[in-house]
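A short worksheet on the structure shown next.
Protein chains: 4
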Amino acid sequence: MSSSFGRLFVVTTFGESHGPAVGVVVDGMPPGIKVEPAAIQRELDRRRPGQSAITSQRAEADRVEILSGVFEDASLGTPIAMLVRNTDARSKDYDALKDVFRPGHADYSYTQKYGLRDHRGGGRSSGRETVGRVAAGALARAALATVGVSVVGGTVQVGDVKAARRDWEVAEENPVRCPDAMAAREMAAVIMHARDQKDSVGGVIEVVARGVPAGWGDPTMAKLDALLGAAMLSIPATKGVEIGGGFGMCALSGSQTNDVFDGKRFLTNFAGGIAGGISNGADVLVRVAVRPATSIGKPQKAATKKGRTTTIAIEGRHDPCICPRVVPVAEAMMAITLMDAWLRQRALRGRDK
Amino acid sequence: MSSSFGRLFVVTTFGESHGPAVGVVVDGMPPGIKVEPAAIQRELDRRRPGQSAITSQRAEADRVEILSGVFEDASLGTPIAMLVRNTDARSKDYDALKDVFRPGHADYSYTQKYGLRDHRGGGRSSGRETVGRVAAGALARAALATVGVSVVGGTVQVGDVKAARRDWEVAEENPVRCPDAMAAREMAAVIMHARDQKDSVGGVIEVVARGVPAGWGDPTMAKLDALLGAAMLSIPATKGVEIGGGFGMCALSGSQTNDVFDGKRFLTNFAGGIAGGISNGADVLVRVAVRPATSIGKPQKAATKKGRTTTIAIEGRHDPCICPRVVPVAEAMMAITLMDAWLRQRALRGRDK
Amino acid sequence: MSSSFGRLFVVTTFGESHGPAVGVVVDGMPPGIKVEPAAIQRELDRRRPGQSAITSQRAEADRVEILSGVFEDASLGTPIAMLVRNTDARSKDYDALKDVFRPGHADYSYTQKYGLRDHRGGGRSSGRETVGRVAAGALARAALATVGVSVVGGTVQVGDVKAARRDWEVAEENPVRCPDAMAAREMAAVIMHARDQKDSVGGVIEVVARGVPAGWGDPTMAKLDALLGAAMLSIPATKGVEIGGGFGMCALSGSQTNDVFDGKRFLTNFAGGIAGGISNGADVLVRVAVRPATSIGKPQKAATKKGRTTTIAIEGRHDPCICPRVVPVAEAMMAITLMDAWLRQRALRGRDK
Amino acid sequence: MSSSFGRLFVVTTFGESHGPAVGVVVDGMPPGIKVEPAAIQRELDRRRPGQSAITSQRAEADRVEILSGVFEDASLGTPIAMLVRNTDARSKDYDALKDVFRPGHADYSYTQKYGLRDHRGGGRSSGRETVGRVAAGALARAALATVGVSVVGGTVQVGDVKAARRDWEVAEENPVRCPDAMAAREMAAVIMHARDQKDSVGGVIEVVARGVPAGWGDPTMAKLDALLGAAMLSIPATKGVEIGGGFGMCALSGSQTNDVFDGKRFLTNFAGGIAGGISNGADVLVRVAVRPATSIGKPQKAATKKGRTTTIAIEGRHDPCICPRVVPVAEAMMAITLMDAWLRQRALRGRDK
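Quick mapping for you: the protein sequence lines, in order, are chains A, B, C and D.
Residue numbering for the first sequence follows our numbering, beginning at 19 and increasing consecutively.
Residue numbering for the second sequence follows our numbering, beginning at 19 and increasing consecutively.
Residue numbering for the third sequence follows our numbering, beginning at 19 and increasing consecutively.
Residue numbering for the fourth sequence follows our numbering, beginning at 19 and increasing consecutively.
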């Protein structure tokens, strides 16, 4: 169960970074939704390594194969299994790391948990696991589109550089996926600098869902905030989540942050589209803190399995900033979460919204 | 299911703010754990309104009654149901609000969700629902203590005032629950000022779990970060969560934020005690953004059910800053989350840790 | 989680037979359903001990208190908690049994599971736990009635005596709850004879749901057959379940047991209203094997905790045949199961049926 | 979620009978268990069509591919995905059936549920879905073997012929999988006769788990009886389940059916190894009613999608009696269910049993 997300739209991923394949089973897709393999592939291509100069050069084609649940390009209402073969897993790169716990990585905690570990990479902790999420997210997007809900996102901070604009259509036009063309160039420079230093840099992702009707989510344990928080913090390398005004609201007063509703719409959106855990009809707005990638070429101190210390430099084909590739994953998780909330609301009310 | 949290240590709350009672059923408590009613009551008293000058003056005794699952002060391994009667629910206070959607509240989203609403208060959206969480958290604490795990917490920011120290034992000695005695006084002043303005102010809570062994949590969908994120963002009025270095890491580099492990311990804790979703043996560290309370006496514009606008001032006995009362709730949710992760690890490995 | 049933209509019971109370939390009741306390009480009265000469004489009033989720006699869409106090738990009766494992009872397996046990009765294994199920079932019935679904049931076999008719309206008119008035008298005689022998006798319950539209249930793991099987076999003292033709079909051929559909209705009902796990519009028909009650006054050999053998006679106020009291429980579990299947179908299709 | 079974050992199947593949994801396998592909293949071969003269002649090699969760022949503790390609799906056979609801099949209920249907076979309702269950069961068996638990089973009734012996080692030596060599021959004759008549015949399967320690299962909703009931009734074509004495106990008295425990073992096993929902250390014993296969060559009346009636004869390669092929599936579901119960008990007690 620890590899599943959702209760009615259940997304279960499988696969190690250096095993034969990664994939996903999506159980709960309503029947009769148009499923275009090309749309799924397009999302996977956005997540794929090697898509630009600022991402990892691991050469995975990431071709998706749909194994079930789709007939004549429409969902059957049954589980949709999708598979992507691992083709460029250079396990040899990892031989030197067999007995060392890489700093910042899950090597140590993973070993303590399972008692054993496939040392040829991050296993399930690898970002490669997110392939299945992105494929599942494409299904969720297709279904949500039938009720007018769409999800966009981008990188809004890299290092100290912050986006000043939210031109979402611009985000896909630059390799950083920044919705501010000018900031994008600065961000790219920061990333290239980090790479030259054999180091990495962090950033912030923003994801927005538009068209979400009021009424999705629940008032207590399954608040939409909580589900989105879990969704985002289940993505590798994320260490923070904000909904709407987030941490910035702490220094403000209630009279400033109470969103005024004029009977038709909200004049501000400090709530990030969610009041009392339930969508209120405004844009659902989430920001995610992405830590600097832990795989760096710079020499670092590390402990060995035998309890000694050593110095390692993690060679290989790593991302100096993973924000651009986290964007499609965060969007997918947003879509998956909303999909689940939508289906719950259908169960509660017995109607489409 | 939307009122339950956890998979092996399942906490299900029930009760409206203005109904007969609030309570909780905890399913999954291992047998043979000492359960002291006084310890549960002590935690409820920390959450109770009216405990100091800076909290709501609603006079709820919040006496807990244990209905099942405990025999001769020990857990039986069966569901533990606990009940707290509502005694000071002044429903009359809310009659004027019957047809108005209070700004910042869940009134509108709640009505859209359910199609109807008990207008005599927040219903399930009320902070009163957290009574059950705190009682459940006391059970989780008791169980975790048997393996040396404890949870502490406090208010580390109110408005612009930040705590400079983390003297957790100091936190319970001041009404703000701030682990920095000096900052506590400034924070109290900020809160009193907000109250005088018939306004409210936000803040930040920090919660720390000590003694968590390496190996709890899962590498993908059930990352300990994700579960804690859901736990914290399911608390009313929270709009952000950070694990360890959180958003602050975004502007740093990997060589700065990779926690170095010397074979025995981590020299830094940017990961907040969780690497790849799995505890690494360091303190588990979470910060939570608490928005300014939405119930304020200051006049605000609001929409009526009929789509008109009006001006309302929410009289009543509200908290100008809810941070001090959120602290025990956030601690409880941390304990509940860890409890669940612990039991999963027992299932996986078949041994106590 | 082990005390919960259902995924969307989640019924969680709590309470030991000799603790302060038994009860239930129902999470997932749609909003706006009329909830009449009298209707709930009526069902509890059907399950109550002491209702006739052939049932246990334990004198429990079993008065239900609704703690949450209902406002002005309508469901709020939030968890409905219901409580029944234990008032006539004569714990003293059990002192002699403290160190003996009663034959047929769960005393031994329970002790092995938990390592400890409240010896003052069956604890959670007691039939008293079903109070919560019956209360939850009354809610499910009320909701199902809004779409024309109703549930009836009765005792169709006691010892060797089988009912030849299914006059369901007759079932409530005799203490055996048998839908065949003539057989009812014979059954009562068999039960009285068993009681005179300080022994007990088994039987078979039949439960029928009418008006279930085609399409509820799922084709694989969550077949409606499977859910009903779990529902029925979760009732104490049940050791068998049949759907439709059940075991009787094994000796027949496919050409005999394939229900012919004429485009409007099924001419036979060997499938028990469920084809491929999904309701087909015919009556949903389930039979349940109820073993002879394990508490008997006749002297039996038994093992003590210390591994010796002894002879015991279980005095007290026990049922010589529990079928009449299992009927309302089985009906409740049928209603709860269908409720869950209905809500899933609403989630899948986004409409009421 | 409707395609998943279990809570801690979660088995999720996917795949349509006439899609590209069928398969399974098993989440919750403990790490370090030896996983031999040959052992998995052996179980699949027992389920495979074409294995003898009395089974369907569909020629599926059913070669399993392990996609994840296994490294150097040991489980990693992560999800194990397994895949079997469909190679001999003769979709053409089904063209004539596109507009007809086959009697006894799920065609009608399925169409009502989903609003659409892949007419090229049973889709998810097909017995082909059980490939994934059998593969998952092989994993469960491997894990259970480490604590001395094993599962055997066989066909104990076909038509009117009942097995008089339970020589389980004999069961695999005859095509009927009957534990009574003499009865096996009679059963085979009954099956061949049904095939000659273009008809089918039902039967009863018995499955036994040996070595289950006392303490697995739960006292209320998750009784081991209930979980096994769901497991068995989720298998296609099953319409009844008995635990231990089952329906046969109804005509007996408590003094006959209370299993006497002498401090070491039970002298009888009417409880089927489960008392109060919890294993008691005796063999866990389940019987399953298997209806006559619904696909028969004999002409039958059937309804068309347009509401008319017609006569059809289902040509193709069908099983005249599916009992022999249900045996490995029922065994797999028993193993999966026990695996889940075992892991829950580990979570509850923090130790291996």
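Yeah, the Cβ is synthetic: ideal placement off N, Cα and C, and Gly gets one too.
Task: Secondary structure of E204(A), DSSP reduced to three states - done: The count along the first sequence starts at 1 and reaches residue 204(A) at position 186. Here DSSP, grouped into helix, strand and coil, assigns E204(A) to helix.
Task: Best match in N276(D), L62(D) and R195(D) for proximity to E78(D) [C-alpha to C-alpha] - done: Translated into the one-based positions of the fourth sequence, residue 78(D) becomes position 60. Of the listed residues, the one whose Cα sits closest to E78(D) is L62(D).
Open item on the list: Let me check one thing: in DSSP terms, what residues is I340(D) bridge-paired to?
Closed with: Locating residue 340(D) in the fourth sequence gives position 322, where the first residue counts as 1. Looking at the DSSP output, I340(D) sits in no beta bridge, so it has no partner there.
Open item on the list: Please tell me whether D136(D) has its Cβ less than 7 angstroms away from any Cβ of chain A.
Closed with: Reading the fourth sequence from its first residue, position 118 is the one you call residue 136(D). Chain A contact via Cβ: present.
Open item on the list: G41(D) and L101(D) - do their beta-carbons sit closer together than 7 angstroms?
Closed with: For this step, residue 101(D) is matched to residue 83 along the fourth sequence. For this step, residue 41(D) is matched to residue 23 along the fourth sequence. If you check the CB distance, L101(D) and G41(D) come in under 7 angstroms.
Task: Contacting residues, own chain, Cβ-Cβ under 8 angstroms from N104(D) (five flanking each side not counted) - done: Taking the first residue of the fourth sequence as position 1, residue 104(D) is located at position 86. Hits under 8 angstroms: G33, S35, H36, G37, P38, A39, V40, E78 and R146.
Open item on the list: Once the 5 residues before and after V176(D) are set aside, which same chain residues still bring their CB inside 7 angstroms of it?
Closed with: Taking the first residue of the fourth sequence as position 1, residue 176(D) is located at position 158. Taken in chain order, the residues that qualify are V194, M205, V208, I209, V219, G221, C339 and C341.
TODO: Would you list the one or two residues that DSSP bridges to M100(D)?
DONE: As a first step, residue 100(D) is located in the fourth sequence; it is residue number 82 there, counting from the start. For M100(D), the beta-bridge partners assigned by DSSP are V42(D) and I84(D).
Task: Integer Cβ distance of T164(B) from R343(B), believed to fall under 8 angstroms - done: For the purposes of this step, residue 164(B) is identified with residue 146 of the second sequence, where counting begins at 1. For the purposes of this step, residue 343(B) is identified with residue 325 of the second sequence, where counting begins at 1. 28 angstroms between Cβ atoms; not a contact.
Open item on the list: Check this for me: beta carbons of Q69(C) and R335(C), under 7 angstroms apart or not?
Closed with: By 1-based counting over the third sequence, the position of residue 69(C) is 51. By 1-based counting over the third sequence, the position of residue 335(C) is 317. Annotated as distal: Q69(C) and R335(C), with beta-carbon spacing of 7 angstroms or more.
Open item on the list: With three or more beta-carbon pairs closer than 8 angstroms as the criterion, would you say the segment 295-305 of chain D touches the segment 252-260 of chain D?
Closed with: Taking 8 angstroms as the limit for Cβ pairs, the verdict is that the segment 252-260 of chain D does touch the segment 295-305 of chain D.
Open item on the list: I want to see whether chain C comes within less than 7 angstroms of Y126(B), judged by CB atoms only; does it?
Closed with: As a working mapping, residue 126(B) is identified with position 108 in the second sequence. Taking a beta-carbon distance threshold of 7 angstroms, Y126(B) does not count as an interface residue toward chain C.
Task: Under 7 angstroms from the C-beta of F23(C): neighbouring residues of chain D - done: Counted from its first residue, the third sequence places residue 23(C) at position 5. Within 7 angstroms Cβ-Cβ: M239.
- [ ] For D178(D), count neighbouring C-beta atoms within 10 Å of its own C-beta (all shown protein chains included) and say buried if the count is 16 or more, exposed if not.
- [x] As a position in the fourth sequence, residue 178(D) is number 160, starting the count at 1. The residue is exposed, with fewer than 16 neighbouring Cβ atoms inside 10 Å.
Open item on the list: Can you tell me whether P317(A) is buried or exposed? The criterion is at least 16 other CB atoms within 10 Å of its CB, across all chains shown.
Closed with: One-based indexing of the first sequence puts residue 317(A) at position 299. P317(A) sits exposed, since fewer than 16 C-beta atoms from the chains shown fall within 10 Å of its C-beta.
- [ ] For M200(D), collect the residues of the same chain with a Cβ closer than 7 angstroms to its Cβ; drop the 5 residues on either side in sequence, then sort them by chain order.
- [x] By one-based count along the fourth sequence, residue 200(D) stands at place 182. Same-chain partners within the cutoff: there are none.
Open item on the list: Tell me which residues share the same chain as V28(C) and place their Cβ nearer than 6 angstroms to its Cβ, disregarding the 5 neighbours each side in the sequence.
Closed with: Walking along the third sequence from the start, residue 28(C) turns up at place 10. Counting only Cβ-Cβ distances below 6 angstroms, and skipping sequence neighbours, we find S22, D45 and G46.
- [ ] Return the CA-CA distance between R65(C) and R364(C), expressed in angstroms with no decimal places.
- [x] Reading the third sequence from its first residue, position 47 is the one you call residue 65(C). Reading the third sequence from its first residue, position 346 is the one you call residue 364(C). Linking R65(C) to R364(C) through their CA atoms gives a straight-line distance of about 31 angstroms.
Task: Start-to-end residues for the beta strand (DSSP E) that takes in R228(D) - done: Taking the fourth sequence and counting its residues from 1, one reaches residue 228(D) at position 210. It spans G221 to R228 - the beta strand (DSSP E) in which R228(D) sits, taken as one unbroken run.
TODO: For T286(C), collect the residues of the same chain with a Cβ closer than 6 angstroms to its Cβ; drop the 5 residues on either side in sequence, then sort them by chain order.
DONE: Locating residue 286(C) in the third sequence gives position 268, where the first residue counts as 1. Take T286(C), set aside five residues on each side of it, and the residues of its chain with a beta-carbon closer than 6 angstroms to its own are D277, in chain order.
TODO: State the beta-bridge partners of I330(C) as determined by DSSP.
DONE: What you label residue 330(C) is simply residue 312 of the third sequence in a count that begins at 1. Q318(C), per the DSSP bridge assignment.
TODO: Determine the closest residue to A56(C) out of D91(C), A353(C), P310(C) and A124(C), with distance taken between C-alpha atoms.
DONE: In the third sequence, residue 56(C) corresponds to position 38, counting from 1. A56(C) has its Cα closest to that of D91(C), out of D91(C), A353(C), P310(C) and A124(C).
- [ ] Determine the direct distance from the alpha carbon of G87(D) to that of A240(D), and round the result to whole angstroms.
- [x] One-based indexing of the fourth sequence puts residue 240(D) at position 222. One-based indexing of the fourth sequence puts residue 87(D) at position 69. So the two alpha carbons sit approximately 28 angstroms from each other.
TODO: With 7 angstroms as the threshold, decide whether the Cβ of E147(B) is near any Cβ in chain A.
DONE: Position 129 of the second sequence holds residue 147(B). The beta-carbon of E147(B) is placed less than 7 angstroms from the nearest beta-carbon of chain A.
Open item on the list: Please state the DSSP three-state secondary structure of I261(D).
Closed with: Counting from 1 along the fourth sequence, the entry for residue 261(D) is found at position 243. Three-state result, I261(D): strand.
- [ ] Drop a sphere of 10 angstroms on the beta-carbon of D198(B), count the other beta-carbons inside from all chains shown, and report buried for 16 or more, exposed for fewer.
- [x] Translated into the one-based positions of the second sequence, residue 198(B) becomes position 180. Buried, by the Cβ-count rule.
Task: D45(B) at chain C interface by Cβ criterion, 7 angstroms - done: As a first step, residue 45(B) is located in the second sequence; it is residue number 27 there, counting from the start. Chain C contact via Cβ: present.
Task: Within chain C, partners of T312(D) - CB distance below 7 angstroms - done: Within the fourth sequence, the letter at position 294 stands for residue 312(D). Going along chain C in sequence order, the residues near T312(D) (Cβ under 7 angstroms) are G272 and N276.
Open item on the list: Looking only at its chain, what residues have a beta carbon closer than 6 angstroms to the beta carbon of D217(C), apart from the 5 residues adjacent to it on each side?
Closed with: Counted from its first residue, the third sequence places residue 217(C) at position 199. The beta carbon of D217(C) lies closer than 6 angstroms to those of I314 and K316 in the same chain, with the five residues before and after it left out.
TODO: Using a cut-off of 8 angstroms between C-beta atoms, extract the partners of P121(C) located in chain D.
DONE: Here the question's residue 121(C) lines up with position 103 in the third sequence. Simply N276, D277, V278 and F279.
Task: For C268(B), the nearest candidate out of A331(A), K180(A) and D214(A) (CA to CA) - done: Numbered from 1 along the second sequence, position 250 holds the residue referred to as residue 268(B). Looking only at A331(A), K180(A) and D214(A), the smallest Cα-Cα distance to C268(B) is reached by K180(A).
Open item on the list: Which of the three DSSP states is assigned to A293(C) in this structure?
Closed with: Working through the third sequence from its first residue, we reach residue 293(C) at position 275. Look at A293(C) here: in three-state DSSP terms it is strand.
Task: Three-state secondary structure (DSSP) of G155(B) - done: Translated into the one-based positions of the second sequence, residue 155(B) becomes position 137. DSSP places G155(B) in helix when its eight states are reduced to three.
Task: Proximity test, Cβ basis, 7 angstroms: P254(A) and chain C - done: If you number the first sequence from 1, residue 254(A) lands on position 236. For P254(A), the answer is no, since every Cβ of chain C falls outside 7 angstroms of its Cβ.
- [ ] Check distances from the C-beta atoms of the segment 33-60 of chain B to those of chain C and list, in chain order, the residues that come in under 8 angstroms.
- [x] Within the segment 33-60 of chain B, the residues whose Cβ lies closer than 8 angstroms to any Cβ of chain C are, in chain order, G33, E34, G37, P38, A39, V40, G41, V43, D45, G46, P49 and G50.
- [ ] Hey, could you find the ends of the alpha helix (DSSP H) A307(C) is sitting in?
- [x] Within the third sequence, residue 307(C) is the residue found at index 289, counting from 1. A307(C) -> not in any alpha helix (DSSP H); beta strand (DSSP E) instead, spanning V302 to V308.
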